[in-house]
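The structure appears below as C-alpha cells.
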Amino acid sequence: MPAEKRELVHPSPSVVAAANVQNLDELRRHAANDLEGFWAERAREFEWSQPWDRVLDASKAPFFKWFVGARTNIVHNCLDRHVRTARRNKLALIWEGEKGDVRTFSYHALNREVCMFANILRSMGVKKGDRVTIYMGRIPELPIAMLACAKIGAVHSVVFGGFSAEALHGRIEDSQSNVVITCDGGWMNGKIVELKKMVDEALKRSPTIEHVIVVKRTGQEVQMEAGRDYWLHELMQLPIARGQSGGNRCETEQMDAEDPLFLLYTSGTTGKPKAILHTHGGYMVGTATTLKWVFDLKEEDRWWCTADPGWITGHSYLVYGPLLLGATSFMYEGAPTYPYPNRWWSMIEKYGINVFYTAPTAIRGLMRFGEAWPNRHDLSGLRLLGSVGEPINPEAWRWYHRVIGKERCPIMDTWWQTETGMFMITPLPVMDLDPGSATLPFPGVEVDILDEHGTPVATGEEGYLVIKRPWPAMLRTIYGDPDRYVQQYWSKYPGLYFTGDSARRDENGHLWIIGRVDDVIKVSGYRLGTAEVESALVSHPAVAEAAVIGIAHEVKGQAIHAYIILRSGQTPSEELHDAVIKHVAHELGPIAKPEKLTFVTQLPKTRSGKIMRRVLKARAQGLPEGDISTLEE
Ligand code: PRX
-18 MPAEKRELVH PSPSVVAAAN VQNLDELRRH AANDLEGFWA ERAREFEWSQ
32 PWDRVLDASK APFFKWFVGA RTNIVHNCLD RHVRTARRNK LALIWEGEKG
82 DVRTFSYHAL NREVCMFANI LRSMGVKKGD RVTIYMGRIP ELPIAMLACA
132 KIGAVHSVVF GGFSAEALHG RIEDSQSNVV ITCDGGWMNG KIVELKKMVD
182 EALKRSPTIE HVIVVKRTGQ EVQMEAGRDY WLHELMQLPI ARGQSGGNRC
232 ETEQMDAEDP LFLLYTSGTT GKPKAILHTH GGYMVGTATT LKWVFDLKEE
282 DRWWCTADPG WITGHSYLVY GPLLLGATSF MYEGAPTYPY PNRWWSMIEK
332 YGINVFYTAP TAIRGLMRFG EAWPNRHDLS GLRLLGSVGE PINPEAWRWY
382 HRVIGKERCP IMDTWWQTET GMFMITPLPV MDLDPGSATL PFPGVEVDIL
432 DEHGTPVATG EEGYLVIKRP WPAMLRTIYG DPDRYVQQYW SKYPGLYFTG
482 DSARRDENGH LWIIGRVDDV IKVSGYRLGT AEVESALVSH PAVAEAAVIG
532 IAHEVKGQAI HAYIILRSGQ TPSEELHDAV IKHVAHELGP IAKPEKLTFV
582 TQLPKTRSGK IMRRVLKARA QGLPEGDIST LEE
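In this text, residue positions in the sequence shown follow the numbering used here: the first is -18, and each later residue adds one.
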C-alpha cells in the first residue's frame, strides 16, 4: 500500500446513473442487520420447486447449510426458465475458435444441446450424485457438459486442460468418477494440445472409469478404445440423445438446495490437491447476485469473462452466473496473442463486448506489446472492466483504465477464491476506486484482519484476512475429507473462516490484499502449491530433495524458483537442469514449470527437518533472513 495520500478514482456519472444497484448503503445495512432476510430477498429472484424452511442453518457450523429444505436445480434457473420466455431466442453464448471459426447458441439451442448431452449421460447410467470428470479445451461443449451433468444431478469435476495426465489421474481417482468427457485436442497458440492422449495415459491406472465421451475438435488421429470411448457426434445421432419422450427433451432433476453441484480441485498446503465442494442452491444465489450487482449486467449486454472454465472464475462467471441472469456471454478458445497481440481487442470490437473481466497477468502480458495494438480497435462499447486472481499492481490498473477503458470504464477488482464461490471483496460501479485495492466487502460479507493471536490489527498494519459470517456460495466441505475442511479453514481462529491471505486496511477502510501466507504460489493467477511442485521434482530419478518458492515476476506476478539437491552420483549439468524442468511440466502441466532451477547441496531446515522456505525467499531477494533460531546447524 503506497504510503502517500492517494487520489481515489471516481466512477463516471453515466455508469453510476445506469447501475443496477443505487441504494448500496441501504443494502449494506439490510445485510448487516438481517443477513438471512437479505439473502432470502435475493433468492426469491429464482425459481424453486419447493421453498426453504430456513435460510441459514448454522447448528452444525462450520458445516453451514443454506436454503434448507428448498428444492431446485441450478440448470432449471440457467436454462429451463429462460426458454419459456422471450429470452428463448436470445443468444446465450457466442464462441470464437482460435482459427476464427464462430459458433453461436441461443438459449433454446443451448438448452437443446444440454438436454441431448444429458440424455446420453443418463443412458450411460450416470445418475444423481455420480461424479463426472471433464477435461477439455475451451469449446462450447465444455459448458454444455457441465450443465448436462448438473441437469441430471451428477457432480462435475472439471480439470483444467493445462494439467498433465498425472494430475488428471489423481483427480479422477480422488473423485471416483465413472465417466470422463474430453476432446481429441484443443487449439492453443496455433498448436494442438493432445487432450485425449493425456486421458489415455491417465486412465491406464483408473479402474473406475467406464466410459469416455470424446468431442471432435482438432481432428488428428486418436486412439478410441472399443466399448469405453465414444465420439460425442456419433452419440448425438442415436435415438437415446432424443430422450425418452423424444423431441430432444430431458427432465431436469429436482435437487435439494444443499445437494452437491460440483467439485473443483485446488491447491493448498499439502501436496494433495483438495476437492472444494459447491452446492446447487446457495452457489446459484451468490454467483448471480454478485455478477448482477458488480458487473451490472443488463439484458442487452455482451459479457466476456476470459477465464477458463477449468477454474472457479470460469465456473461462476463464465458458465453459471451469466446464464442465471439470462445474459449473452462471449467465449474464446485460444491464446490472447494468437496470431497477433490484438486478438482480444479485435474481438471486443467485433462482438461489441460491453463488460470485460480478466486477470492482471493477462493485462501485464498485453501491456508489453504497447498501446498501438488496442488503439487499432474501437473499444467504445466497453462500459465496465474487471480484474481477478491476484493483486493488480497500480501500473497495470492505470494502463487498463486508460488504454482499454479510455478512463470511462471503472475497474471492478474482485477478490475471492475457489472456496468462496463468489466475489467477496469488490467495488460496485457506484463506488470510488483506489487502483490496486479491491476496496470493500460485498454487502453481507464481513471481514477482519487479525494478528497471530486473533486481535484485529491497527489501520495500515498487515494481518491475516478472515471472514466473519457465512455466505451462500461458500464451500460446504472438502470432498471426502471433512476434517481437513475444518482444520484448514476454521481452526486457526475458531468460528472464523481463514482465507490464507494477508491484507491491510487503509485510512479509507479500503482493503489491500497482500498475498498468500500459506505455501500457495499464484503463477499467472493460477494457484499452485509448493508441495505439489516439490513432489513433482523429487519424482525425477536424479533429485533427492527439493524446495520451491514464489519469486516476483513482471508479467506472471509470481514465478516458481526451485532448489534441488541431487542424489549422490549425480552431477549438475545444463541437460539435467532442462530435463528436471521438463519433468515437472510432464508431471503437473506446463503451468507448473519452474522459471528458475538452482542446484544446491543443502536446504535451510528446522531441526525437525521442515524446509524453511521463508529463509530461501529472503536469500533470493537479498533480504535479511529474519528469525533463524530454529534453523538446524
Ligand atoms: O490470494 C488471493 C488471490 O487468489 C487466491 C484465490 O485463488 P483461486 O482459488 O485460484 O481463485 C482465483 C479466482 C477467484 C486468493 O486467496 N486473489 C484472487 N483475487 C484477487 C486475489 N488477490 C488480490 N486481489 C484479487 N482481486
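Backbone N, C-alpha and C fix where the C-beta goes; we use that ideal spot for every residue, glycine too.
Simplified DSSP assignment, three categories, for residue i
| i | result |
| --- | --- |
| V615 | This structure does not reach residue 615, given that the chain is present from -18 up to 614, and the question cannot be answered. |
| C96 | helix |
| I344 | helix |
| M127 | helix |
| R9 | helix |
| V193 | strand |
| V426 | coil |
| P(-6) | helix |
| Q468 | helix |
| S618 | In the structure as shown, the chain starts at -18 and stops at 614, and residue 618 therefore has no counterpart that could be examined. |
| Q218 | coil |
| H259 | strand |
| P241 | strand |
| P571 | helix |
| V2 | coil |
| V447 | strand |
| R283 | strand |
| L365 | strand |
| Y474 | coil |
| Y246 | strand |
| M405 | coil |
| Q602 | helix |
Contact set for residue i: own chain, Cβ-Cβ below 6 Å, skip 5 residues either direction
| i | result |
| --- | --- |
| C286 | Y298, L299 and Y338 |
| S138 | R112, T114, S156 and L244 |
| K577 | H542 |
| V524 | L518 and I545 |
| G333 | R283 and G362 |
| R23 | V266 and T270 |
| W325 | P317 |
| R93 | N229 |
| F19 | H11, A12 and G425 |
| P303 | W284 and S310 |
C-beta contact flag for residue i and residue j at 8 Å
| i | j | result |
| --- | --- | --- |
| N335 | R364 | yes |
| M312 | R119 | yes |
| N54 | F27 | no |
| K387 | L360 | yes |
| D240 | N1 | no |
| I392 | H382 | yes |
| Y264 | G402 | yes |
| F44 | T458 | yes |
| L612 | I530 | no |
| T163 | K185 | no |
| L569 | A148 | yes |
| G461 | A135 | no |
| K537 | G370 | no |
| I133 | I190 | no |
| A99 | Y88 | no |
| A146 | E202 | no |
| L5 | L409 | yes |
| G142 | V174 | yes |
Neighbourhood of residue i by C-beta, 8 Å cutoff - its chain only, sequence neighbours within 5 removed
| i | result |
| --- | --- |
| L216 | I101, I194 and A222 |
| V501 | S248, G249, T250, G481, R508, L509, G510 and T511 |
| I406 | T395, W396, W397, A419, T420, L421, P422, F423, V426, V428, L492 and I494 |
| S520 | H564 and E568 |
Residue i at chain C interface by Cβ criterion, 8 Å
| i | result |
| --- | --- |
| I334 | No chain C appears in this structure, which consists of one protein chain only. |
Neighbourhood of residue i by C-beta distance below 7 Å, restricted to the same chain and skipping five residues each side
| i | result |
| --- | --- |
| H261 | T53, N54, I55, M236, A238, D240 and L242 |
| Y466 | T458 and I459 |
| Y474 | L431, G435 and V447 |
| K273 | N1 and L306 |
| A599 | P605, E606 and G607 |
beta-carbon residue i near ligand 3 non-hydrogen atom, thresh 7 Å
| i | result |
| --- | --- |
| Q469 | Ligands in the displayed structure: ligand 1; ligand 3 is not one of them. |
Cβ contact (3+ pairs, closer than 8 Å) linking the stretch 114 to 132 and the stretch 424 to 434: no
Can we say the stretch 445 to 453 touches the stretch 36 to 48, given the rule of at least three CB pairs closer than 8 Å? Here the stretch 445 to 453 makes contact with the stretch 36 to 48; the two share three or more CB pairs at distances below 8 Å.
Does the pairing of the stretch 421 to 428 with the stretch 7 to 24 give three or more beta-carbon distances under 8 Å? Using a C-beta cut-off of 8 Å, the stretch 421 to 428 makes contact with the stretch 7 to 24, since at least three inter-stretch Cβ pairs fall below that distance.
At what residue ranges does the stretch 36 to 122 contain a whole run of the alpha helix (DSSP H), taking only runs of 4 or more? The alpha helix (DSSP H) runs lying completely inside the stretch 36 to 122 and spanning 4 residues or more are 88 to 104, given in chain order.
Using a Cβ distance threshold of 8 Å, determine whether the stretch 475 to 491 contacts the stretch 222 to 233, with at least three qualifying pairs required. no
Where in the stretch 291 to 360 do unbroken runs of the beta strand (DSSP E), each at least 3 residues long, occur, reported from the N-terminal end onward? 309 to 313 and 336 to 339
Can you give, in chain order, each stretch of the beta strand (DSSP E) that sits fully within the stretch 138 to 177 and has at least 3 residues? 160 to 164, 167 to 169 and 172 to 174
Which runs of the beta strand (DSSP E) at least 3 residues long sit entirely within the stretch 483 to 522? Give them in chain order. 492 to 497, 501 to 504 and 507 to 510, all fully within the stretch 483 to 522.
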